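Asker: This is the structure, below, for whatever I ask next.
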Amino acid sequence: MEQYLPNITHYAKNGGDRLEAIQKDLAREDSRRAITYLNHHYHKTRSMFRKGIDHPGWQDPKFWAVIEKEIKPYTFANFQRAANDLYLKVIGRTYLLSAIITIICLAIAYPLAYYLTKLKSTASKIALFIVLIPLFSSFLSRTVSWILLLQPFDLMNTITAIYIGSVYIALPLSVLPIYLAMKNVDTDLIKVSTIAGANKLQTFRFVYFPQTVKGIANSITLTFMSVTGYYITPSLLGGSKGLFVTEQIIRQVQYTLNWGLASALAVIMLSTSLLLFYVYYRINFKGDSNA
Amino acid sequence: MLKIFSYAIFLYLLLPMLVIVVFSVDGGNYFKVSDFEFSFKWYSQLYSDPMWFNGIVTSFKIGITTVVCCILLSIPTALWLNKYKNGVILSIIISPIIIPSIIIGLGWVFFFNDIGFTNSFVNVVIAHTVLCVPYVVLMTLSSLNNYDQNVEKSAKLCGANSLQILKDIQLPIMLPGLLTGSSLAFITSFDEFIVALLLLDHSTQTLPIVMWSYVTDIISPSVLSVSVIITLVYAVLIGIGRLNQKHV
Numbered sequence: 011m012e013q014y015l016p017n018i019t020h021y022a023k024n025g026g027d028r029l030e031a032i033q034k035d036l037a038r039e040d041s042r043r044a045i046t047y048l049n050h051h052y053h054k055t056r057s058m059f060r061k062g063i064d065h066p067g068w069q070d071p072k073f074w075a076v077i078e079k080e081i082k083p084y085t086f087a088n089f090q091r092a093a094n095d096l097y098l099k100v101i102g103r104t105y106l107l108s109a110i111i112t113i114i115c116l117a118i119a120y121p122l123a124y125y126l127t128k129l130k131s132t133a134s135k136i137a138l139f140i141v142l143i144p145l146f147s148s149f150l151s152r153t154v155s156w157i158l159l160l161q162p163f164d165l166m167n168t169i170t171a172i173y174i175g176s177v178y179i180a181l182p183l184s185v186l187p188i189y190l191a192m193k194n195v196d197t198d199l200i201k202v203s204t205i206a207g208a209n210k211l212q213t214f215r216f217v218y219f220p221q222t223v224k225g226i227a228n229s230i231t232l233t234f235m236s237v238t239g240y241y242i243t244p245s246l247l248g249g250s251k252g253l254f255v256t257e258q259i260i261r262q263v264q265y266t267l268n269w270g271l272a273s274a275l276a277v278i279m280l281s282t283s284l285l286l287f288y289v290y291y292r293i294n295f296k297g298d299s300n301a
Numbered sequence: 015m016l017k018i019f020s021y022a023i024f025l026y027l028l029l030p031m032l033v034i035v036v037f038s039v040d041g042g043n044y045f046k047v048s049d050f051e052f053s054f055k056w057y058s059q060l061y062s063d064p065m066w067f068n069g070i071v072t073s074f075k076i077g078i079t080t081v082v083c084c085i086l087l088s089i090p091t092a093l094w095l096n097k098y099k100n101g102v103i104l105s106i107i108i109s110p111i112i113i114p115s116i117i118i119g120l121g122w123v124f125f126f127n128d129i130g131f132t133n134s135f136v137n138v139v140i141a142h143t144v145l146c147v148p149y150v151v152l153m154t155l156s157s158l159n160n161y162d163q164n165v166e167k168s169a170k171l172c173g174a175n176s177l178q179i180l181k182d183i184q185l186p187i188m189l190p191g192l193l194t195g196s197s198l199a200f201i202t203s204f205d206e207f208i209v210a211l212l213l214l215d216h217s218t219q220t221l222p223i224v225m226w227s228y229v230t231d232i233i234s235p236s237v238l239s240v241s242v243i244i245t246l247v248y249a250v251l252i253g254i255g256r257l258n259q260k261h262v
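Residue numbers (the numbering used here), protein chains in the order written: chain A, 11 to 301; chain B, 15 to 262.
So this is what it looks like as structure tokens:
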């Protein structure tokens, strides 16, 4: 039954030419059955459809409650809608942009963290403080300052602006795990490998790098997960194009009031988050029991 | 080479903060360096504009209530986790740090809507508590790291009841972690935007929401002055946290 109902709600909720749409729908056999079905639960339904939009029943919240109830619990319609082209594109784009931002962060964070470990103690404290400085201010003000910085260069409302702003916000998160891993690198092993005749590249590839892999993995999962949830930065710097899933979800909750679709999108997001969280859990809590 | 690269990144990280501070004391034309004019008029506007003032008060109210809830929840949780090291429970508790807050916020919106509970202030506090509790639990756990269970046992043998043990042994040990965690929790709640936006009501116009409304059309320079003040508040809070960690 419920497969016909979303059509009716769709027509009725979107206003405008809904009367025409409903009348057109009435001509079809299946919607007549849908109306008969609805009439059992809300006895004015049939006359509402006959008299059209002027009938007071359309304003009755009870009618909409019946429709909501009929649609809500048992259907995958929301997922079907979420799987339609537009929303799939949004989800794909979110993950693509987040992946690119994570890679940029990693490319900056790895050498930067290495530089931090090479500094003397006071200098490294100051440098670490500078790296953490973005965390000292509110999320919104960090983005606002980028608006002011990017406007003169005509970069506002572009993807470049999103990259610059998001990398700025995510960078401390991606530097810290790598820095911590590099701090714990066993320097004696590096000496040993040099004595054993390995060149710099080989030492890096076979001795240094493997010891920082855990930090890199942590950095990637943390950065990626936090970037997929960004809302303020992409919508302010990207010009509210709705590039990120979060923007779409908030739009569905606040303006279109399509809560079903919002939660379908959130569940898709959550499943990836949980997957990544599992990875994070495995890296940090499992196989670490003897530590 | 590495040095130049690192300095460039430092500049990249510092520049926005510099911009905020400079333009927050600029009373001249909107964001033009050429006609810079030193004035504190955007700071005084924070006090005179009721929207800003309400936002600051609301944010403090929500933040402090959240921190109190977090502390009350964290004390037993941290003690329990310290005794029975349970990785699964710990991961569940710290998951809000990692899972995007929109998902948690959306869940709360549906939940409160379904049970018909519409006191927005309480709703925001509950949702924020879930988001902030991981920081307090983690920090408290780290101060309990070298907590000796035998001390507790000997206190018990000497006839102390569990309330005395909590007050005289466990709380003093947990205190540094609780303070650091609380300052982090307060910052998180103070800075939280998405959940507050979803559960929005006239009584929960928190500071980020007010800032958002001043940013979306034309950027009001008072946003920058409020940013500077927020940064100072955060610096003080983080300083408190650091100070405490050093003494122990």
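Every residue, glycine too, gets a C-beta built ideally from N, C-alpha and C.
Treat the numbers as computed from the prediction; the structure is a model and nothing was measured.
Would you be able to state if there are at least three C-beta pairs under 8 Å between the region 161-181 of chain A and the region 237-250 of chain A?
Answerer: Output reads yes: the region 161-181 of chain A touches the region 237-250 of chain A.
Asker: Under the three-state reduction of DSSP, which class applies to Ser52/B: helix, strand or coil?
Answerer: For this step, residue 52/B is matched to residue 38 along the second sequence. The sequence shown places Phe at residue 52/B, rather than the Ser named in the question. Strand.
Asker: Indicate whether at least one CB of chain B lies closer than 8 Å to the CB of Arg152/A.
Answerer: Residue 152/A sits at position 142 when you count from the first residue of the first sequence. With 8 Å as the cut-off, Arg152/A counts as an interface residue toward chain B.
Asker: Evaluate the contact criterion for the region 16-29 of chain B versus the region 139-152 of chain B: three or more CB pairs, one atom per stretch, below 8 Å.
Answerer: Flag = no, the region 16-29 of chain B and the region 139-152 of chain B do not touch.
Asker: Any contact between the region 124-143 of chain B and the region 58-69 of chain B? By contact I mean 3 or more CB pairs, one from each, below 8 Å.
Answerer: As far as the Cβ criterion goes, the region 124-143 of chain B does not touch the region 58-69 of chain B, which means the pair count is below three.
Asker: Step through the CB atoms of chain A and report whether any lies within less than 8 Å of the CB of Leu145/B.
Answerer: Locating residue 145/B in the second sequence gives position 131, counting from the first residue. No - not a single Cβ of chain A is within 8 Å of the one on Leu145/B.
Asker: With burial defined as no fewer than 16 other Cβ atoms inside 10 Å of the residue's Cβ, what is the status of Ile107/B: buried or exposed?
Answerer: By one-based count along the second sequence, residue 107/B stands at place 93. Classification of Ile107/B: buried, given that the 10 Å Cβ count is 16 or more.
Asker: In chain order, what are the residue ranges of uninterrupted alpha helix (DSSP H) at least 4 long that sit wholly in the region 188-245 of chain A?
Answerer: Within the region 188-245 of chain A, the complete alpha helix (DSSP H) runs of at least 4 residues are 197-205, 210-213, 219-238.
Asker: Just to make sure I have the definition right: I need the residues of chain B whose C-beta is within less than 7 Å of the C-beta of Gly239/A. Which are they?
Answerer: On the first sequence, residue 239/A is found 229 positions in, with the first residue counted as 1. Within 7 Å Cβ-Cβ: Pro114, Ser115, Ile116.
Asker: Roughly how many angstroms separate the alpha carbons of Thr230/B and Ala227/A, rounded to a whole number?
Answerer: Here residue 230/B is taken as the residue at index 216 of the second sequence, counted from 1. Here residue 227/A is taken as the residue at index 217 of the first sequence, counted from 1. Roughly 36 Å separates the two Cα atoms.
Asker: Where does Asp215/B fall in DSSP's three states?
Answerer: Here the question's residue 215/B lines up with position 201 in the second sequence. In this structure, Asp215/B counts as coil in the three-state DSSP scheme.
Asker: Report yes or no: do three or more beta-carbon pairs, one from the region 111-121 of chain B and one from the region 188-198 of chain B, lie closer than 8 Å?
Answerer: Because the criterion of three Cβ pairs below 8 Å is not met, the region 111-121 of chain B and the region 188-198 of chain B do not touch.
Asker: Taking the CB atoms as reference points, tell me whether Tyr167/A and Gly249/A lie closer together than 8 Å.
Answerer: Translated into positions along the first sequence, residue 167/A becomes position 157. Translated into positions along the first sequence, residue 249/A becomes position 239. For the sequence presented, residue 167/A should be read as Asn rather than Tyr. The answer is yes: Cβ separation under 8 Å.
Asker: How big is the Cα-Cα spacing for Leu253/A and Arg215/A?
Answerer: On the first sequence, position 243 is the one that residue 253/A refers to. On the first sequence, position 205 is the one that residue 215/A refers to. Approximately 38 Å between the Cα atoms of the pair.
Asker: From the DSSP secondary-structure annotation, give me the bridge partner or partners of Asp40/B.
Answerer: Here residue 40/B refers to the residue found at position 26 of the second sequence. Bridge partners of Asp40/B: Phe52/B.
Asker: For the candidate residues Lys17/B, Leu212/B, Ser58/B, whose alpha-carbon lies nearest to that of Pro235/B?
Answerer: The residue labelled residue 235/B in the question sits at position 221 within the second sequence. Ranking Lys17/B, Leu212/B, Ser58/B by Cα distance to Pro235/B puts Ser58/B first.
Asker: Thinking Gly255/B and Ser176/B are a contact (beta carbons under 8 Å), I'd like their distance in whole angstroms, please.
Answerer: The count along the second sequence starts at 1 and reaches residue 255/B at position 241. The count along the second sequence starts at 1 and reaches residue 176/B at position 162. Their Cβ separation, rounded to whole angstroms, is 29 Å, which puts Gly255/B and Ser176/B out of contact at 8 Å.
Asker: Could you list the residues in the region 224-243 of chain B with a C-beta less than 9 Å from some C-beta on chain A, going in chain order?
Answerer: Going along the region 224-243 of chain B in chain order, one finds Met225, Trp226, Val229, Thr230, Ile233, Val237, Leu238, Val240, Ser241, Val242 with a Cβ nearer than 9 Å to chain A.
Asker: Evaluate contact between the region 219-227 of chain B and the region 200-207 of chain B, counting only Cβ atoms and requiring at least three cross-stretch pairs below 8 Å.
Answerer: These segments touch.
Asker: Got a sec? Which residues, its chain only, sit under 6 Å from Ala199/B by beta carbon, not counting five neighbours each side?
Answerer: On the second sequence, residue 199/B is found 185 positions in, with the first residue counted as 1. Hits under 6 Å: Val81, Cys84, Cys146, Tyr149, Val150.
Asker: Helix, strand or coil for Pro114/B, going by three-state DSSP, please let me know.
Answerer: On the second sequence, position 100 is the one that residue 114/B refers to. Note: Pro114/B maps to coil in three-state DSSP.
Asker: Taking Met235/A as the query, report the chain B residues whose CB atoms sit under 8 Å from its CB, ordered along the chain.
Answerer: The residue labelled residue 235/A in the question sits at position 225 within the first sequence. Within 8 Å Cβ-Cβ: Ile112, Ile113, Pro114.
Asker: What does Thr256/A touch in chain B if you count any residue whose Cβ is under 8 Å from its own?
Answerer: The sequence position of residue 256/A within the first sequence is 246, counting from 1. Per Cβ cutoff of 8 Å: Pro114, Ile116, Ile208.
Asker: For the candidate residues Val36/B, Thr79/B, Ile18/B, whose alpha-carbon lies nearest to that of Val242/B?
Answerer: The residue labelled residue 242/B in the question sits at position 228 within the second sequence. Comparing Cα-Cα distances from Val242/B to each of Val36/B, Thr79/B, Ile18/B, the minimum goes to Val36/B.
Asker: Using a Cβ-Cβ cut-off of 8 Å, state whether Pro83/A counts as contacting chain B.
Answerer: Along the first sequence, read from residue 1 onward, the residue named residue 83/A stands at position 73. With a pLDDT of 47 at Pro83/A, under the threshold of 50, the modelled position of that residue is not reliable, and the figure given next carries that caveat. Cβ-Cβ to chain B under 8 Å: no for Pro83/A.
Asker: Taking the CB atoms as reference points, tell me whether Leu93/B and Gln184/B lie closer together than 8 Å.
Answerer: Counting from one through the second sequence, the residue named residue 93/B turns up at place 79. Counting from one through the second sequence, the residue named residue 184/B turns up at place 170. In this structure, Gln184/B lies closer than 8 Å to Leu93/B by Cβ.
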